[in-house]
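Everything on this sheet refers to the single structure shown next.
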Amino acid sequence: MGPVANVHADTLLIVGDSLSAAHGIEREAGWVALLRERVGDAHEVVNASISGDTTSGGAARLPDLLERHSPDIVLLELGGNDGLRGLSPQQMKLNLRTMIEKSQAADARVLLLGIEIPPNYGAAYTDAFRGVFRQLSEEYAVPLVPFILDGVALQDDMMQEDGIHPNAAAQPTILDNVWEKLGPMLSRDTDRNE
């Protein structure tokens with residue numbers, strides 16, 4: 001007989017872009033690595049984030065990731081590159097909707113991690129972009145972190161020189177932003193398993 005495993009160690013799958021892939025900093029300093037430290041052995045954390053990824057790339061990769069990892073919770077952190085490229089918010093919404101539906105069909109709960117884009121894209125575009133996350137959260141009753149970089153963006157001491165990517169000092173704040181919604185999801189799992 002092999003070693004006894006945890007009764008139930010949830011698998012958390014992060015599907016994101018450079019914000020979750022620790023672009024420009026040591027991978028161990030990124031918020032996903034800090035999350036792994038915070039949850040310890042109670043949960044397996046799989047980081048399937050790729051710098052530069054868009055919602056269409058994530059939607060294409062997701063079915064294989066769901067099959068390979070059988071996650072209990074999927075954290076979707078995509079959309080920033082769609083916005084920076086000026087891609088249609090309607091297409092972004094369709095891609096995220098597909099990812100939410102595929103995750104839920106695989107019996108995974110979803111946490112949506114929202115992002116905002118700079119105001120120089122114009123009020124109509126930035127409002128439509130921001131609205132995508134809120135509308136999907138309401139439509140599918142999934143928790144939403146409205147802006148993963150809340151308290152980080154526009155803070156010179158927390159951003160890399162490119163002004164787009166957060167530095168290592170910002171990562172604990174990003175994790176706290178995520179944890180505000182993820183923590184209760186994990187507590188519910190603990191309560192259910194007792």
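So the sequence shown is numbered by the UniProt record's numbering: it starts at 1 and just counts up by one. Backbone N, C-alpha and C define an ideal beta-carbon position, used for all residues, glycine too. This structure is a prediction, so every number in the text was calculated from the model and none was measured.
Three or more C-beta pairs closer than 8 Å, one from the segment 46-54 and one from the segment 62-81: is that the case here? As far as the Cβ criterion goes, the segment 46-54 touches the segment 62-81, which means the pair count is three or higher.
Should V145 and N167 be called a contact, given that it needs their Cβ atoms to be closer than 7 Å? no
Between the C-alpha atoms of D107 and R68, what's the straight-line distance to the nearest angstrom? 14 Å
To the nearest angstrom, how far is it from the Cα of T126 to the Cα of E116? 7 Å
With DSSP collapsed to three states, give me the class of D10. The three-state reading of DSSP puts D10 in strand, counting E and B together.
Taking L111 and M185 to be in contact with their CB atoms under 8 Å, please state how far apart those CB atoms are, rounded to whole angstroms. 7 Å
Keeping to the same chain, check which residues put their C-beta closer than 7 Å to that of T190; ignore five residues upstream and five downstream. Note that T190 scores 47 on pLDDT, short of 50, meaning its location in the model is unreliable; the coordinates nonetheless yield the value given after this. Contacts found: none.
Nearest-angstrom Cα separation, counted from K181 out to P172: 15 Å
Can the beta-carbon of M92 be found closer than 7 Å to that of V142? no
Give a yes or no on whether the C-beta atoms belonging to T55 and L96 are separated by under 7 Å. It is a contact, given that the beta carbons lie within the stated cut-off.
CB-CB under 7 Å to I25, same chain, minus the five flanking residues each way: which ones, in chain order? N167 and A168
I148: which of E138, Y140 and I164 sits nearest, CA to CA? I164
DSSP three-state call for P89: helix, strand or coil? helix
Can you check DSSP and say which residues form a bridge with N47? I14
Cross-strand partners of V110 (DSSP beta bridge): V74
In whole angstroms, give me the CA-to-CA distance for M99 and Y140. 11 Å
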